[in-house]
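K.L.:
Dropping a structure here in structure tokens format, bear with me for questions.
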Amino acid sequence: MSKSTIKRLFVICAVASMPFAALAQQSDPPTQTTGPNYSFSVGSRPADIGTGFSIYSATSATADQQFHVQCNCNDFSLAVATCPAPRYECYCSPSASLVCE
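Structure below.
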């Protein structure tokens, strides 16, 4: 093979590989998948009657949000309920009880 043939072959290979080099340099931005938005809420307040406190928590993963409520009293009694709204009453007399409104 002569030097001119080798040069020609080298030029042909270089030109032929240019589109592949350009493709390799392109970088697409990473795609972001957006999932559902979840929110979490939590709260606490003193018992409505007696000595103690209540805690509620809720996640809004679906349209029908439910509130998980605990009524904790000083006599170590506990009442747990699931309420459709954060409207409830925590009673610590004579022992823990919860009423969802």
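The sequence shown maps to residues -24 to -1, 1 to 77 in mature numbering (1 follows the signal peptide of the UniProt record, and there is no 0).
All C-beta atoms in this analysis are idealised placements derived from N, C-alpha and C, irrespective of residue type, glycine included.
Determine the contact status of Gln42 and Cys66, defining contact as a CB-CB distance below 9 Å.
P.N.:
No.
K.L.:
Could you tell me which residues DSSP pairs with Tyr14 in its beta bridges?
P.N.:
Answer is none; Tyr14 lacks a bridge partner.
K.L.:
Could you tell me the distance, in whole angstroms, from the CA atom of His44 to the CA atom of Ala72?
P.N.:
Each residue's alpha carbon lies about 15 Å from the other.
K.L.:
Glu65 lies in the beta strand (DSSP E); which residues open and close that run?
P.N.:
Note, Glu65: beta strand (DSSP E), 64 to 67.
K.L.:
Mind checking which residues open and close the beta strand (DSSP E) that includes Gly28?
P.N.:
It spans 28 to 35 - the beta strand (DSSP E) in which Gly28 sits, taken as one unbroken run.
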